[in-house]
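K.L.:
The structure's right below; bear with me while I get my questions together.
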Amino acid sequence: MPAKDDVTIAFYAEQASAYTTRGQVAQKHRLEQFLSHVAPGGSVLELGCGAGQDSEYMLARGFDVTPTDGTPEIAHAAAVRLGRLVDVLLFEDIEAREVYDGVWANACLLHVPRANLSAIIGRIHRALKPGGVFHASFKSGEAEGRDQFDRYYNYPSADWLEQTYRPGPWESVGIEADKGGGYDNKPTDWLYVLARKSMP
Numbered sequence: 002m003p004a005k006d007d008v009t010i011a012f013y014a015e016q017a018s019a020y021t022t023r024g025q026v027a028q029k030h031r032l033e034q035f036l037s038h039v040a041p042g043g044s045v046l047e048l049g050c051g052a053g054q055d056s057e058y059m060l061a062r063g064f065d066v067t068p069t070d071g072t073p074e075i076a077h078a079a080a081v082r083l084g085r086l087v088d089v090l091l092f093e094d095i096e097a098r099e100v101y102d103g104v105w106a107n108a109c110l111l112h113v114p115r116a117n118l119s120a121i122i123g124r125i126h127r128a129l130k131p132g133g134v135f136h137a138s139f140k141s142g143e144a145e146g147r148d149q150f151d152r153y154y155n156y157p158s159a160d161w162l163e164q165t166y167r168p169g170p171w172e173s174v175g176i177e178a179d180k181g182g183g184y185d186n187k188p189t190d191w192l193y194v195l196a197r198k199s200m201p
């Protein structure tokens with residue numbers, strides 16, 4: 002079963018221009034929290050990079066960033082902004098093994114069907130070096146569903162999300178709740194997860 006939703010992918014393809022030119026800025030607080038756990042100049046894989054603002058910030062801070070997105074049209078827009086190649090990468094196609102010091106997946110894994118999320122987290126775990134750190138964010142809820150644009154969301158609770166992470170050998174999994182917004186301009190309850198891969 003693919004770890005993607007075709008309707009959601011189609012939305013981002015159709016709305017790529019509007020989505021990537023809406024003036025999003027890097028979440029500096031979350032980025033600095035994440036980067037504080039990554040060695041200076043360390044390698045970071047960004048999943049679902051969108052317009053590229055977070056990769057841009059990390060690159061400016063001297064990190065070795067590999068920006069990726071699952072939608073070709075959005076990857077192209079990010080490449081124009083960053084002046085470098087942005088790979089088209091679906092979560093189910095992550096094959097790297099112990100390559101990255103960090104994985105940054107902000108507001109993208111929230112589109113992975115619930116039944117597939119544990120396996121995708123496992124792929125990310127495998128891609129991290131021992132001791133590597135992994136950031137992800139999710140729109141909080143109690144049951145999977147769709148928003149006004151028909152985009153799929155897994156809408157996890159903190160407890161459900163913690164259980165989904167737990168099968169992997171993580172040294173730590175921290176979940177923080179916060180309020181914010183999104184593309185739909187509606188108030189949103191967010192869950193931010195910061196996990197560290199165990200050392201051998």
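The opening position of the sequence shown corresponds to residue 2 in this note's numbering, with each subsequent residue numbered one higher. Heads up, the beta-carbon is just placed ideally off N, CA and C, and yes, glycines get one too.
Any idea if PHE12 is buried or exposed, counting beta-carbon neighbours within 10 angstroms, 16 or more meaning buried?
P.N.:
In the sequence shown, the residue the question calls residue 12 occupies position 11. Looking at its Cβ environment, which holds 16 or more other Cβ atoms inside 10 Å, PHE12 is buried.
K.L.:
Which runs of the beta strand (DSSP E) at least 3 residues long sit entirely within the stretch 16 to 76? Give them in chain order.
P.N.:
Runs of the beta strand (DSSP E) inside the stretch 16 to 76: 44 to 47, 65 to 70.
K.L.:
Have a look at ALA40, PRO41, THR69, GLY42 and flag the residue whose alpha-carbon is nearest the alpha-carbon of GLN54.
P.N.:
Taking the sequence shown and counting its residues from 1, one reaches residue 54 at position 53. Here the closest residue by C-alpha is THR69.
K.L.:
Whose C-alpha, out of LEU195, GLY183, HIS112, ALA144, is nearest the C-alpha of ASP7?
P.N.:
The residue labelled residue 7 in the question sits at position 6 within the sequence shown. Checking every option, the nearest Cα to that of ASP7 belongs to HIS112.
K.L.:
Is it true that the stretch 99 to 118 meets the stretch 38 to 49, where meeting means three or more beta-carbon pairs spaced less than 8 angstroms apart?
P.N.:
In short, these stretches touch, since the Cβ pair count reaches three.
K.L.:
On the criterion of 16 or more Cβ atoms from any shown chain inside 10 Å, does PHE35 qualify as buried, or is it exposed?
P.N.:
As a working note, residue 35 is residue 34 in the sequence shown. Under this definition PHE35 is a buried residue.
K.L.:
Could you compute how far the alpha carbon of GLY146 sits from the alpha carbon of PRO114?
P.N.:
Within the sequence shown, numbered from 1, the residue matching residue 146 stands at position 145. Within the sequence shown, numbered from 1, the residue matching residue 114 stands at position 113. Between GLY146 and PRO114, the C-alpha separation is close to 10 angstroms.
K.L.:
Please report how far the alpha carbon of GLU163 lies from the alpha carbon of LEU129, in whole angstroms.
P.N.:
For the purposes of this step, residue 163 is taken as the residue at position 162 of the sequence shown. For the purposes of this step, residue 129 is taken as the residue at position 128 of the sequence shown. Distance between the alpha carbons of GLU163 and LEU129: 19 angstroms.
K.L.:
Taking the straight line between their C-alpha atoms, what separation do you get for SER173 and ALA196?
P.N.:
Within the sequence shown, the letter at position 172 stands for residue 173. Within the sequence shown, the letter at position 195 stands for residue 196. Distance between the alpha carbons of SER173 and ALA196 is about 5 angstroms.
K.L.:
Output needed for ARG85: all residues of its chain with C-beta closer than 8 angstroms, excluding positions within five of it in sequence on either side, in chain order.
P.N.:
Position 84 of the sequence shown holds residue 85. Taken in chain order, the residues that qualify are PRO68.
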